[in-house]
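Protein chains in written order, with the working numbering: chain A, 1 to 201; chain B, 1001 to 1201. From the three backbone atoms N, C-alpha and C, an ideal C-beta is built for every residue, glycine too. Since the structure is predicted, the reported quantities are computational estimates derived from the model, not experimental observations.
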DNA sequence: GTAAAAAAGTATAATGAATCAACTTTTATA
DNA sequence: TATAAAAGTTGATTCATTATACTTTTTTAC
């Protein structure tokens, strides 16, 4: 669906292996000693390459932790395009994010990784940034779906807020409940909330 | 309203002067040559202080560009608390943000500054981060206003989205229109939009 | 009014991420 | 097989930021 498919040459195989060795070494060391306690040099040494080689594979220290997920964007767009009949766009996005980004991380096996990322500002920010990269693609998919013009501000807003909903949810005690609250707001608006007195149309 | 009020000692006066000299020199140099072309050393020299002194006044290179606005948060909270009768929370926030963060910047005199910040990823991100710092205070103000419990996820979501609306608006051709679209979404929900077929309750 | 404390500032060196330039080895291919 | 492209290496270099140890200024308390 993307690159040179199955027949990888020896070259690309070795390249991928080096890259993987770097990512593995980095994650292991970060989990063992903490992100700030591990230097680029340590990682390169552990993977038995030079630091310059490391930077040819990864754009920076934080990138070592995140797999550059190409499919993630496709899945997000598909969640909108191929949602079941009768399901609204916000509902489709809520379910997709809940399934792929909240429930998965809730697995106790991911706890140390989760703790590493959320406990390191540089990693939290970087993760958030690459997640938000899907904003324009998602906005476009929503616009197409609803027949709105390219770059319609309402679609752009929904796309942005839907992606941000993940950050909101993660900052709360009960992420699932918080995600529901955020998407209820996006679906029905603040005026639809119970304790919303003093409102004007 | 905050610090040692009028009677500033010589010490604090000089300190403030040094700080201002640094901020002025930084902004001037950044505007002249671009953020990445100016080093910390250049700024310190222009303000005639050592680089160590610079870092005693500012937490980092990006902070030189932004006045650490203490009142900003107070104004945001006040916009919710002291809004006119009959105005909803989203409407109050929309107006406040439009007035203090969109219309002001639209002044052509701010164009170079605006261009500097928006054209420099490090500055754009930093500015966004300090703006989002008001999230919890705003969420609390909203919760108090509506009688919701502390840390209510719907209030947290509204606070987050309302602040993010600024970023959405700035990324569009017509920021004012985009801000309206974003706040319409927050106020009335996606289901209230015209081209919103295939929706479920 | 002076002495001690607190705070601002300086110089210098170190760390750590990221980049640059020049070179070697490996792999693929014409 | 020759050769070009890509992977990797070495070593130096830049730049923001921090640490250490020192000097000067201003305040405050006696």
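Member of the options whose CA lies at the smallest distance from the CA of residue i
i	options	result
residue 1096 of chain B	B:1152, B:1080, B:1175, B:1029	B:1080
residue 1026 of chain B	B:1044, B:1193, B:1123, B:1094	B:1044
residue 129 of chain A	A:37, A:166, A:85, A:93	A:166
residue 1040 of chain B	B:1191, B:1060, B:1094, B:1021	B:1060
residue 69 of chain A	A:143, A:127, A:92, A:21	A:127
residue 1120 of chain B	B:1177, B:1065, B:1058	B:1065
Rounded C-alpha distance that separates residue i from residue j
i	j	result
residue 1164 of chain B	residue 102 of chain A	21 Å
residue 1175 of chain B	residue 31 of chain A	43 Å
residue 23 of chain A	residue 122 of chain A	17 Å
residue 55 of chain A	residue 133 of chain A	22 Å
residue 2 of chain A	residue 71 of chain A	At residue 2 of chain A the pLDDT is 40, less than 50, meaning the model places this residue with poor confidence and gives no usable figure here.
residue 1159 of chain B	residue 193 of chain A	15 Å
residue 1033 of chain B	residue 1173 of chain B	27 Å
residue 1075 of chain B	residue 1087 of chain B	17 Å
residue 1131 of chain B	residue 10 of chain A	49 Å
residue 1109 of chain B	residue 1073 of chain B	25 Å
residue 191 of chain A	residue 1191 of chain B	12 Å
residue 62 of chain A	residue 42 of chain A	14 Å
residue 105 of chain A	residue 124 of chain A	14 Å
residue 169 of chain A	residue 116 of chain A	18 Å
residue 99 of chain A	residue 180 of chain A	12 Å
residue 19 of chain A	residue 38 of chain A	18 Å
residue 1004 of chain B	residue 1047 of chain B	Because the pLDDT at residue 1004 of chain B is just 37, under 50, the model does not fix this residue reliably, and the value given afterwards should be weighed accordingly. Cα to Cα, residue 1004 of chain B sits roughly 25 Å from residue 1047 of chain B.
residue 111 of chain A	residue 93 of chain A	24 Å
residue 1085 of chain B	residue 188 of chain A	23 Å
Min CB distance residue i to chain B below 8 Å
i	result
residue 18 of chain A	no
residue 77 of chain A	no
residue 164 of chain A	yes
residue 128 of chain A	no
residue 137 of chain A	no
residue 55 of chain A	no
residue 64 of chain A	no
residue 23 of chain A	no
residue 131 of chain A	no
residue 46 of chain A	no
residue 116 of chain A	no
residue 156 of chain A	yes
Cutoff 8 Å: residue i Cβ touching any chain A Cβ
i	result
residue 1188 of chain B	yes
residue 1123 of chain B	no
residue 1030 of chain B	no
residue 1181 of chain B	yes
residue 1149 of chain B	no
residue 1185 of chain B	yes
residue 1161 of chain B	yes
residue 1191 of chain B	yes
residue 1200 of chain B	The pLDDT assigned to residue 1200 of chain B is 41, lower than 50, so where the model puts this residue is not dependable; a value taken from the coordinates is nonetheless given after this. So yes, residue 1200 of chain B belongs to the interface.
residue 1141 of chain B	no
residue 1027 of chain B	no
Cβ pair count under 8 Å reaching 3, the segment 1046-1053 of chain B against the segment 1135-1151 of chain B
no
Give a yes or no on contact between the segment 1173-1192 of chain B and the segment 154-171 of chain A, applying the rule of three or more CB pairs nearer than 8 Å.
yes
Closer than 9 Å, Cβ to Cβ, to anything on chain B: give me those residues from the segment 167-178 of chain A, in chain order.
167, 168, 169, 171, 172, 173, 174, 177, 178
For the pair the segment 128-141 of chain A and the segment 1011-1021 of chain B, tell me if three or more CB-CB distances fall below 8 Å.
no
Residues from the segment 81-114 of chain A in contact with chain B, defined by Cβ distance under 8 Å:
85, 86, 87, 88, 89, 90, 91
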